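Engineer:
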Amino acid sequence: MNGTSTTLRSAVLERDQEAAGRWVRARIGPRDRAEQLHSLSPTETAALTDTVDDGTLAALIRSLRARDAAHLLVHLNPTKAGRVLAALPPDRATDLLQAVGTEKLPGVLVAMPPARAAELEGLTRWPPNSAGGRMTPAFVAVTADVKADDAIAGLRRVAAEAETISYVYVINEDSQLRGVLSLRNLVLSDSHTPVAKLMDADVITVAPLTDQEEAARLLTEHDLIALPVVDTGRLVGIITADDVADIIEEETTKDFSRLGGSQPLEVPYLQASPIQLWRKRVLWLLALFVAEAYTGTVLRHFEADLEAVVALAFFIPLLIGTGGNVGSQIVTTLVRAMAVDDVRLSDVGRVIRKETATGAMLGVVLAAVAFVRALLLDVGYDLAIVVTLTIVAIVLWASLVGAILPPVLRRLRIDPAVVSAPFITTLVDGTGLLIYFGIARLML
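Per numbering that gives the first Met the number 0, the very first residue in the sequence shown carries number 0; after that it's consecutive.
Printed below as a string of structure tokens:
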């Protein structure tokens with residue numbers, strides 16, 4: 000890759016358009032290509048965009064992931080950006096416009112053909128993470144009175160511009176969606192059969208403001224190639240299977256970041272600076288640090304108990320660590336199950352019963368091991384019993400908290416991924432100590 004990167008830099012410094020074009024057409028993966036582009040200085044990146052023609056630049060942007068393409072696009076003046084974006088599919092162009100920001104939007108749209116500018120302006124009014132923000136208006140639609148052979152002829156004329164031709168949508172004169180039929184059914188039907196007799200009127204749709212994750216789930220769940228986006232009955236666009244792959248990657252990245260107690264990065268990890276990583280992590284860590292401080296308050300409150308039975312301190316790390324681990328396992332499992340719609344708020348009762356039953360079984364096994372460990376430390380039979388009962392109680396408590404919080408937060412329209420493993424650990428630490436010292440006071 001170093002040799003290729005050197006070739007790219009040489010082509011840029013020498014303003015060699017032919018060499019830069021060969022690099023764009025070379026068989027290089029999106030990740031390696033992005034790394035080579037990010038290795039250029041801002042001045043060199045600007046020189047690259049000036050060196051290659053609009054068509055080559057559009058091909059380069061098509062070969063990159065959206066966030067890497069946006070990094071390249073910010074170096075273009077609005078006029079050139081408009082010409083390049085006009086050569087891209089509308090959904091791709093919309094994603095890039097939203098990534099770059101609205102301040103460049105007027106100048107970019109002016110440089111486009113009026114029809115494409117109006118199309119993109121309409122798409123950018125939807126939130127980036129909504130179905131409307133991810134859809135493309137490049138679909139195939141016919142009216143219900145069209146015959147099958149006429150529909151096929153029309154399909155041939157627009158096939159090159161459509162995002163997918165697997166489905167043909169049936170609309171009326173006001174663009175109201177009436178049905179859908181597959182290309183296979185259209186081709187195999189009698190040529191004089193009206194489309195109205197071939198279509199399926201029961202169409203699965205989403206509204207433009209539907210969250211992109213929900214749209215992706217519907218498309219995957221029903222094994223569709225494309226999902227129509229309908230605004231007050233009007234067909235305004237479709238979301239395709241390749242869009243879903245991007246959505247799932249984005250949402251999975253966000254969920255994993257939040258489960259670890261950090262905000263998602265907008266750039267690939269290796270391209271993030273220490274300052275960017277610091278900004279994404281520091282607020283969460285400060286919040287968890289403050290929350291963790293109450294653990295010290297609990298210990299201070301039971302100071303006399305610790306002085307009376309010093310051996311109680313031996314088991315604090317074991318007990319609170321066990322509770323945090325149990326809670327983290329449950330939260331991770333539930334957040335994923337909710338992401339794929341395996342668990343809903345109405346299932347919270349079943350989740351609690353399932354997790355408390357599992358917690359009871361786990362508690363018995365861990366308590367038996369803890370009892371043996373306590374006897375080996377020679378702390379006495381009474382304290383061994385305290386540790387054993389505490390393990391069972393903490394595991395059950397962590398199971399209950401981990402089972403309730405994610406569905407409840409989803410009901411409150413809060414992303415359940417924010418109930419991260421560190422947050423659960425922090426919560427269970429302090430309450431676990433209260434349980435431990437409460438049982439110790441009763442029995443010792």
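The C-beta atom is built at its ideal place from N, Cα and C for all residues, glycine as well.
Just so you know, these numbers come straight off a predicted model, no measurement behind them.
1. Using three-state DSSP, classify Leu399 as helix, strand or coil.
2. In the structure shown, what three-state DSSP assignment does Ile413 receive?
3. Which residues in the same chain have their Cβ closer than 8 Å to the Cβ of Asn447, if we skip the five residues on either side of it in sequence?
4. Check whether the stretch 153-167 and the stretch 107-114 touch, using three or more Cβ-Cβ pairs below 8 Å as the test.
5. Could you give the C-beta distance for Leu71 and Thr42, rounded to a whole number, given that I count them as a contact under 8 Å?
6. At least one CB of chain C closer than 7 Å to the CB of Val139: is that the case?
7. Leu75: which of Ala58, Ala356 and Asp53 sits nearest, CA to CA?
8. So if DSSP puts Asp199 in a beta bridge, which residue, or which two residues, is it bridged to?
9. Roughly how many whole angstroms lie between the Cα atoms of Ser398 and Pro406?
10. Can you tell which of Pro136, Val107 and Asn128 has the C-alpha that lies nearest to the C-alpha of Gly121?
11. From the DSSP secondary-structure annotation, give me the bridge partner or partners of Asp53.
12. Identify, in the order they occur along the chain, each residue of the same chain with its Cβ nearer than 8 Å to the Cβ of Ala457, setting aside the five sequence neighbours on each side.
13. Quick check on DSSP: helix, strand or coil for Gly236?
14. My guess is that Leu59 and Val107 are in contact by the Cβ rule of under 8 Å, so how many angstroms apart are they, rounded?
15. Using only the alpha-carbon positions, how far apart do Leu39 and Ile434 sit?
16. Quickly, what does DSSP pair Tyr168 with across the bridge? List them, please.
17. Who pairs with Gly228 in a beta bridge, going by DSSP?
18. Can you name, in chain order, every residue of its own chain whose Cβ lies under 6 Å from the Cβ of Ala383, other than the five neighbours on each side?
19. To the nearest angstrom, how far is it from the Cα of Leu208 to the Cα of Gly362?
20. Going residue by residue through the stretch 27-80, where are the continuous alpha helix (DSSP H) segments of at least 4 residues, counting only ones entirely within it?
21. Measure the alpha-carbon distance for Asp381 versus Arg409 and round it to whole angstroms.
22. In chain order, what residues of the same chain lie with their CB nearer than 7 Å to the CB of Asn1, ignoring the 5 residues before and after it?
23. Quick one, are the C-beta atoms of Pro415 and Val334 less than 7 Å apart?
24. For Asp230, which residues in the same chain have their Cβ closer than 8 Å to its Cβ, ignoring the five residues on either side in sequence?
25. Please go through the same chain and pick out, in chain order, the residues whose beta-carbon is closer than 8 Å to the beta-carbon of Ser9, but skip the five residues on each side of it.
26. Work out the CA separation of Ile438 and Leu388 for me, nearest whole Å.
27. Going by the DSSP bridge assignment, what does Lys146 pair with across the sheet?
28. So, is Val368 buried or exposed, given that buried needs 16 or more other C-beta atoms within 10 angstroms?
29. Should Met134 go down as buried or exposed, given a rule of 16 or more other Cβ atoms within 10 Å for buried?
30. When burial is assigned at 16 or more other CB atoms within 10 Å of the CB, is Ala359 buried or exposed?
31. Alpha carbon to alpha carbon, what distance is there between Glu213 and Leu344?
32. Figure out for me which residue from Ala195, Val394 and Ala147 has the closest Cα to the Cα of Leu329.
33. Would you report the Cα separation of Pro273 and Glu34, rounded to the nearest angstrom?
34. Classify Val364 as buried or exposed, calling it buried when 16 or more other Cβ atoms lie within 10 Å of its own Cβ.
35. Starting from Glu118 and walking both ways along the alpha helix (DSSP H), at which residues does that stretch end?
Structural biologist: Inspection of the coordinates gives the following:
1. Residue numbering aside, residue 399 sits at position 400 when the sequence shown is read from its first letter. Three-state result, Leu399: helix.
2. Here the question's residue 413 lines up with position 414 in the sequence shown. Ile413 falls in the coil class under three-state DSSP.
3. Residue coverage of the chain in this structure runs from 0 to 443, which leaves residue 447 outside it and unanswerable.
4. no
5. Walking along the sequence shown from the start, residue 71 turns up at place 72. Walking along the sequence shown from the start, residue 42 turns up at place 43. Contact flag wrong, Cβ pair sits at about 14 Å.
6. The chain inventory of the structure shown lacks chain C, comprising one protein chain alone.
7. Translated into positions along the sequence shown, residue 75 becomes position 76. Of the candidates Ala58, Ala356 and Asp53, the one whose C-alpha sits nearest the C-alpha of Leu75 is Asp53.
8. The sequence position of residue 199 within the sequence shown is 200, counting from 1. According to DSSP, which records beta bridges pairwise, Asp199 is partnered with Val179.
9. For the purposes of this step, residue 398 is taken as residue 399 along the sequence shown, with counting starting at 1. For the purposes of this step, residue 406 is taken as residue 407 along the sequence shown, with counting starting at 1. Cα to Cα, the separation comes out at about 14 Å.
10. Taking the sequence shown and counting its residues from 1, the one referred to as residue 121 is at position 122. Considering only alpha carbons, the answer is Pro136.
11. Here the question's residue 53 lines up with position 54 in the sequence shown. According to DSSP, Asp53 bridges with nothing at all.
12. Residue 457 lies beyond the residue range present for the chain, which begins at 0 and ends at 443; the question has no answer from this structure.
13. Position 237 of the sequence shown, counted from the start, is the residue given in the question as residue 236. In the structure shown, Gly236 sits in a strand (DSSP, three-state: E or B).
14. Position 60 of the sequence shown holds residue 59. Position 108 of the sequence shown holds residue 107. About 17 Å; that fails the 8 Å criterion.
15. Here residue 39 refers to the residue found at position 40 when the sequence shown is read from its first residue. Here residue 434 refers to the residue found at position 435 when the sequence shown is read from its first residue. Straight-line Cα distance between these residues: approximately 57 Å.
16. Sequence index remark: in the sequence shown, residue 168 carries index 169 (1-based). Answer is Ala140 and Val179.
17. Along the sequence shown, one-based indexing puts residue 228 at 229. It is worth fixing the name first, because residue 228 is Val in this sequence and not Gly. Partner(s): Val205 and Gly236.
18. Stepping through the sequence shown from its first residue, residue 383 is reached at position 384. Same-chain partners within the cutoff: Phe370, Ala373 and Leu374.
19. Numbered from 1 along the sequence shown, position 209 holds the residue referred to as residue 208. Numbered from 1 along the sequence shown, position 363 holds the residue referred to as residue 362. Going by the C-alpha atoms only, they are around 45 Å apart.
20. 29-37, 41-50, 53-61 and 65-72
21. For this step, residue 381 is matched to residue 382 along the sequence shown. For this step, residue 409 is matched to residue 410 along the sequence shown. So the two alpha carbons sit approximately 43 Å from each other.
22. Position 2 of the sequence shown, counting from 1, holds the residue named residue 1. Bear in mind that a pLDDT of 48 at Asn1, under 50, signals an unreliable position, so the number given afterwards is only what the model happens to contain. There are no such residues.
23. Here residue 415 corresponds to residue number 416 of the sequence shown, with the count starting at 1. Here residue 334 corresponds to residue number 335 of the sequence shown, with the count starting at 1. Yes, they are a contact pair.
24. Taking the first residue of the sequence shown as 1, we reach residue 230 at position 231. Answer for Asp230: Gly131, Ala206 and Pro207, listed in chain order.
25. Taking the first residue of the sequence shown as position 1, residue 9 is located at position 10. Asp15 and Ala18, listed in sequence order.
26. Counting from 1 along the sequence shown, the entry for residue 388 is found at position 389. Counting from 1 along the sequence shown, the entry for residue 438 is found at position 439. The straight-line gap from Cα to Cα measures roughly 8 Å.
27. Translated into the one-based positions of the sequence shown, residue 146 becomes position 147. Looking at the DSSP assignment, Lys146 forms a beta bridge with Pro193.
28. Numbered from its first residue, the sequence shown carries residue 368 at position 369. Val368 comes out exposed.
29. Taking the sequence shown and counting its residues from 1, one reaches residue 134 at position 135. Per the 10 Å Cβ criterion, buried.
30. Numbered from its first residue, the sequence shown carries residue 359 at position 360. Exposed, since its Cβ has fewer than 16 Cβ neighbours within 10 Å.
31. Position 345 of the sequence shown holds residue 344. Position 214 of the sequence shown holds residue 213. For Leu344 and Glu213, the distance between alpha carbons rounds to 16 Å.
32. Here the question's residue 329 lines up with position 330 in the sequence shown. The displayed chain sequence assigns Ile, not Leu, to residue 329. For the residues Ala195, Val394 and Ala147, the minimum Cα distance to Ile329 belongs to Val394.
33. Start at 1 with the first residue of the sequence shown, and residue 273 comes out as number 274. Start at 1 with the first residue of the sequence shown, and residue 34 comes out as number 35. When rounded, the distance between both Cα atoms is 17 Å.
34. As a first step, residue 364 must be located in the sequence shown, where it is residue number 365. Under this definition Val364 is an exposed residue.
35. Taking the first residue of the sequence shown as position 1, residue 118 is located at position 119. It spans Pro113 to Leu122 - the alpha helix (DSSP H) in which Glu118 sits, taken as one unbroken run.
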